[in-house]
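Enquirer: Residue numbers (the numbering used here): 8 to 144.
Backbone N, C-alpha and C define an ideal beta-carbon position, used for all residues, glycine too.
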Amino acid sequence: MFKPKFNHRRQIGSIVKRLGLAPNGDVAKRWIELSKAAGRAHERSFHERLDADETFRAEFGRKVDAVIRAVATQLQDHYVALTRRAKEIAEMPPAQGVKILRNEIPGARSSSILQKRAGDVAAVPRTGRIARRAAPG
Numbered sequence: 008m009f010k011p012k013f014n015h016r017r018q019i020g021s022i023v024k025r026l027g028l029a030p031n032g033d034v035a036k037r038w039i040e041l042s043k044a045a046g047r048a049h050e051r052s053f054h055e056r057l058d059a060d061e062t063f064r065a066e067f068g069r070k071v072d073a074v075i076r077a078v079a080t081q082l083q084d085h086y087v088a089l090t091r092r093a094k095e096i097a098e099m100p101p102a103q104g105v106k107i108l109r110n111e112i113p114g115a116r117s118s119s120i121l122q123k124r125a126g127d128v129a130a131v132p133r134t135g136r137i138a139r140r141a142a143p144g
């Protein structure tokens with residue numbers, strides 16, 4: 008039987024690990040549990056009203072809040088380092104920057120799109136901005 012390479016559990020584990028959280032910690036466990044809720048959403052008839060009472064808030068709402076808060080906090084902590092590194096890469100020669108980007112960013116596409124971009128994008132070191140080279144001809 009075919010098993011998919013990626014599933015929610017693996018993707019969540021990879022994300023929380025990358026953010027510096029424990030792949031088997033509370034945040035990951037809650038997130039995995041919440042990801043299973045999508046299938047349960049269709050167990051009831053859509054014409055029935057669903058109230059967000061205290062039970063719902065306790066079982067679902069607070070878990071969502073806790074996961075989002077933890078992920079947002081970790082993202083905030085990584086944002087400064089990420090933007091600093093993006094500026095460093097933008098100041099490199101395009102081919103070098105693309106190679107580093109592909110190696111440092113998990114899941115970065117290895118397709119020819121990045122390679123093609125390396126040929127028609129020039130970095131402007133003083134400003135950190137990217138400028139397009141004029142088309143030959």
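One question on the structure: do G27 and H85 come within less than 9 angstroms of each other, judged by their Cβ atoms?
Expert: For the purposes of this step, residue 27 is taken as the residue at position 20 of the sequence shown. For the purposes of this step, residue 85 is taken as the residue at position 78 of the sequence shown. A contact, by the Cβ cut-off of 9 angstroms.
Enquirer: Short of 7 angstroms in beta carbon distance, which residues of its chain neighbour V74, apart from the five on each side in sequence? Order them along the chain.
Expert: To locate residue 74, count along the sequence shown from 1; it is residue 67. Only V34, R37, W38 and L41 meet the Cβ criterion.
Enquirer: Would you tell me roughly how many angstroms separate the C-alpha atoms of E61 and K43, rounded to the nearest one?
Expert: Here the question's residue 61 lines up with position 54 in the sequence shown. Here the question's residue 43 lines up with position 36 in the sequence shown. Cα to Cα, E61 sits roughly 21 angstroms from K43.
Enquirer: Do you know offhand how far G68's Cα is from A77's?
Expert: On the sequence shown, residue 68 is found 61 positions in, with the first residue counted as 1. On the sequence shown, residue 77 is found 70 positions in, with the first residue counted as 1. About 14 angstroms.
Enquirer: Does the Cβ of V87 have 16 or more other Cβ atoms within 10 Å, making it buried, or fewer, making it exposed?
Expert: The residue labelled residue 87 in the question sits at position 80 within the sequence shown. Looking at its Cβ environment, which holds fewer than 16 other Cβ atoms inside 10 Å, V87 is exposed.
Enquirer: Around the Cβ of L108, are there at least 16 other Cβ atoms within 10 angstroms (buried) or fewer (exposed)?
Expert: The sequence position of residue 108 within the sequence shown is 101, counting from 1. Classification for L108: buried.
Enquirer: R92 and E66: beta carbons closer than 9 angstroms?
Expert: The residue you call residue 92 lines up with position 85 of the sequence shown. The residue you call residue 66 lines up with position 59 of the sequence shown. It is not a contact, given that the beta carbons lie outside the stated cut-off.
Enquirer: Mind checking P100: buried by the 16 CB within 10 Å criterion, or exposed?
Expert: Taking the first residue of the sequence shown as position 1, residue 100 is located at position 93. Looking at its Cβ environment, which holds fewer than 16 other Cβ atoms inside 10 Å, P100 is exposed.
Enquirer: Hey, could you find the ends of the alpha helix (DSSP H) N110 is sitting in?
Expert: Locating residue 110 in the sequence shown gives position 103, counting from the first residue. Start and end: P101 to E111.
Enquirer: How would you write the range of the alpha helix (DSSP H) that K66 sits in, first residue to last?
Expert: In the sequence shown, counting from the first residue as 1, residue 66 sits at position 59. It should be pointed out that residue 66 corresponds to Glu in this sequence rather than to Lys. No alpha helix (DSSP H) contains E66, which DSSP labels as neither H nor E.
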